[in-house]
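For reference, the structure is listed below as structure tokens.
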Amino acid sequence: MFLNRFADGVDAVDLTGTEEFASLLQSADELGVTHADTVRYVSRNTVVRGQRFHFSEWGVPGRPQLLLLHGGNQSAHSWDLVSLHLADRFHVFALDQRGHGDSEWSRELDYSLDAMVADAEAFVAAVGLDRPVVLGHSMGGRVTLTLALRRPDLARALVVVDVGPEVSEAGARTILDFVARNLEFDDLDQFVDNVVRYDPFRSREHITRTLRYNLLQRADGRWISKVDHRRIPHPNRALTLDDVRAIEVPVLVVRGAESNILEADAAVRFADALPSGRLVTVDRTGHNVHSGNTTGFLAAVAPFLEAVTGD
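Read left to right, the sequence shown gives residues 1419 to 1729 (the working numbering).
The structure is reproduced here in structure tokens:
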């Protein structure tokens, strides 16, 4: 019933003339996110490991490459404002991970960390990325760290957003409870109300605008989130501080000042364990750092990206 099947075409679709892009520009202007007058933004698909993946591509080939990995129950669109701002300096690839957004759902119901790391590694090869900087939020941050441990040669640097070896169990339960209560619903306004209560740092207007690519409407009229509803939490081995000591590339750890997931002392221990790690805390935002305070996130991250890519 929920199998998310889309056309497997691999041709790039230009989105800059769409209502979706116009809406994004409006949000950027309201939130103070600067961007170039002309931006390349396309939607693409690729097939890796026998599964179709959707991704957004921003910017001009030949610029330093960024791979963006979203958090659980989100999508590549969670990075849209960040990508818009960075597209004049970087070649940005934002991936819908398996079972999320417009990527295919796993036929085997395999949503393990191992599977997602293998997907990311195969995606890098499939689209021809050459030592990109990998940015990962929450679930995507865990993928980022594990990928760096398994393939130390793959990324030139990492940005890990509001996750680490030590996370708050109570905060994680809050996320799982919110997701479980909001998989499907009848009324869009009620859903927006729920999101605002859960994440008060995001503007109601921007949340409303992003619904169009985070939700699907079924034939019976009910709305559902664009994630595989059959997905269940997978018992993955947790990374430890000893594990991350083996990551030698530069790592920027980004924490939301009001995060209920990555607590302040845990973030310090994480950054201290990294051979080339640095911690920044972004004010006026919680776990969803880059959407709760996009300008603060960009102010923290852009100088790091420019430094590690030589710009």
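Beta carbons are placed, not taken as given, at the ideal position from N, Cα and C, and that holds for glycine. Bear in mind that the values here come from a model prediction, so they are computed numbers and not experimental data.
DSSP-derived helix/strand/coil call for residue i
i	result
N1612	helix
A1536	helix
I1593	helix
A1425	Confidence at A1425 is low in this model, with a pLDDT of 48, below 50, so the placement of that residue should be treated as unreliable; the coordinate-derived value is given next. Here A1425 sits in coil by DSSP.
R1568	helix
R1462	strand
H1705	coil
T1699	strand
W1476	strand
D1432	strand
V1545	coil
E1438	helix
E1587	helix
V1579	strand
F1688	helix
Residue-chain proximity (residue i, chain C), Cβ-Cβ < 8 angstroms
i	result
R1599	Going by chain labels, chain C is absent from the structure shown, which holds only one protein chain.
Span separating the alpha-carbon of residue i from that of residue j
i	j	result
E1437	S1694	42 angstroms
A1446	Q1483	22 angstroms
G1639	V1645	17 angstroms
V1597	R1622	18 angstroms
D1548	A1689	26 angstroms
L1670	L1443	28 angstroms
R1627	S1496	12 angstroms
A1718	R1470	33 angstroms
V1707	H1555	9 angstroms
L1692	G1559	15 angstroms
F1619	M1557	20 angstroms
A1533	E1448	38 angstroms
R1615	F1609	10 angstroms
A1590	D1604	26 angstroms
G1489	R1458	24 angstroms
Cβ-Cβ separation, residue j to residue i (assumed contact under 8 angstroms), whole Å
i	j	result
A1538	L1487	7 angstroms
P1651	A1575	At roughly 29 angstroms, the Cβ-Cβ gap does not stay under 8 angstroms, so P1651 and A1575 are not in contact.
D1661	P1570	That pair is no contact at about 13 angstroms.
S1474	V1431	With 8 angstroms as the limit, S1474 and V1431 do not qualify as a contact, their Cβ atoms being about 10 angstroms apart.
T1564	V1535	5 angstroms
L1601	L1629	Rounded, the Cβ-Cβ distance is 15 angstroms, inconsistent with contact.
Neighbour-count burial assignment, residue i, 16 or more Cβ in a 10 Å radius
i	result
D1683	exposed
V1613	buried
L1594	exposed
V1579	buried
Q1635	exposed
A1685	buried
T1456	exposed
D1498	buried
E1666	exposed
V1465	exposed
CB contact flag (residue i, residue j, <8 angstroms)
i	j	result
V1552	V1672	no
A1494	A1512	yes
L1633	I1642	yes
H1503	R1481	no
N1711	T1703	yes
S1586	N1678	yes
L1567	A1675	no
R1687	L1659	yes
D1506	A1573	no
T1727	G1450	no
H1472	D1514	yes
R1599	G1517	no
L1680	V1561	no
W1476	S1441	no
Near the ligand MN: residue i beta-carbon under 7 angstroms from a heavy atom
i	result
P1550	In the structure shown, the ligand MN is absent, as is every other ligand, since no ligand is present at all.
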